[in-house]
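Below is one structure, written out as C-alpha cells, with a few remarks after it.
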Amino acid sequence: MIYTFCSTLLRIIYTILFRLEAVGRENIPNEGGVLLCSNHISNFDPPTVGIKIRRQVRFMAKSELFDVPVLGRIIKAVGAFPVKRGGVSKESIKTSLNILRGGEVLGIFPSGSRHNDGGIGKKGAASFALRSGATVIPTAIIGNYKLFRKMKVVYGAPVNLDEFKEDPSGDALERATEKIMSKINEMVKTGVPSK
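Mapping the sequence shown onto UniProt numbering, position 109 (from 1) lands on 109, and the numbers just tick up by one.
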C-alpha cells in the first residue's frame, strides 16, 4: 500500500520534473526473480529504475538512512534494506539472494556507487544472478536530471548467463559481468532496448 502510494507520487513528480519516459518494459517478466542491473549517475536513480514498472523493486540503501526520522520509516516501508558503509555484509548478500529466490525484483548498480566507492562490486550482479537463477534485465538511465529536460530509462532483453553456470570461478564471474555491462553501455549509447 505504501509502496503503491509512493511509487505513484514519484511517477507523477518524475514525469513532470524530468519528463521521464520508460522503454522496453515488456522485457521484464511478470513473475519470478528479476535482477535489474543499471548504470548509476545520481542519487535519484533508484526511483527512476523502479517507478515506471508494475512490480515492486527493492534496493539496498546505506544503513545510516534508516536512522533518519521519517525517511528511515519510508524507505523501509517501500522495501529497501540496509547495507553498511564500506562494503556489503553477509546479511545483505543473504537478503538479496532471498529476495531473488522468493520471486521478487531487486534493483542494483553493478558499478557500485556513483563514484565507485562501494556498492556490491562489479562481480556482485553476476554472482547474485548465477546463485539465485534470477532473470537479469540490463537497464540504462539516460539523461542528467536537469529540470524539464527529458530523461529515459531503457529495459533490455534478458541477458543469457547459462554459459557461466557450470563455472563459478572468478574468471566466469568477470566474463558474466562484462556481458551485463556491455548490454547496459550499448543501451546508454543507443537509447533502445538491447536484444
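Using N, Cα and C, we set each Cβ at its ideal position, and we do this for glycine too.
Okay, do the segment 25–34 and the segment 100–110 touch, 3+ Cβ pairs below 8 Å being the bar?
Result yes; three or more Cβ-Cβ pairs closer than 8 Å.
Near residue 184, which residues of its chain fall below 6 Å by C-beta distance, leaving aside the five closest residues on each side in sequence?
Only 39, 138, 140 meet the Cβ criterion.
Spatial neighbours of residue 55 in its chain, beta-carbon cut-off 6 Å, leaving aside the 5 residues before and after:
Answer for residue 55: 105, listed in chain order.
Residue 66 - DSSP class collapsed to helix/strand/coil:
In the structure shown, residue 66 sits in a helix (DSSP, three-state: H, G or I).
Any chance the segment 13–21 sits against the segment 147–159, with 3 or more Cβ pairs inside 8 Å?
Touching, yes, given that three or more Cβ pairs across the two stretches are closer than 8 Å.
Consult DSSP for residue 142 and reduce its assignment to one of helix, strand or coil.
For residue 142, the three-state secondary structure derived from DSSP is strand.
Which partner residues does residue 37 have in the DSSP bridge list?
108, 138, per the DSSP bridge assignment.
In angstroms with no decimal places, state the Cα-to-Cα distance between residue 7 and residue 135.
When rounded, the distance between both Cα atoms is 23 Å.
Between the CA atoms of residue 72 and residue 26 - distance to the nearest angstrom:
Rounded to the nearest angstrom, the two C-alpha atoms are 32 Å apart.
Tell me which residues share the same chain as residue 44 and place their Cβ nearer than 7 Å to its Cβ, disregarding the 5 neighbours each side in the sequence.
Within the same chain, residue 44 has close Cβ partners 145.
From 110, 131, 132, residue whose alpha carbon lies closest to that of residue 125
Residue 110 is the option with its Cα nearest to residue 125.
With 16 other CB atoms within 10 Å as the buried threshold, where does residue 187 fall?
Result: buried.
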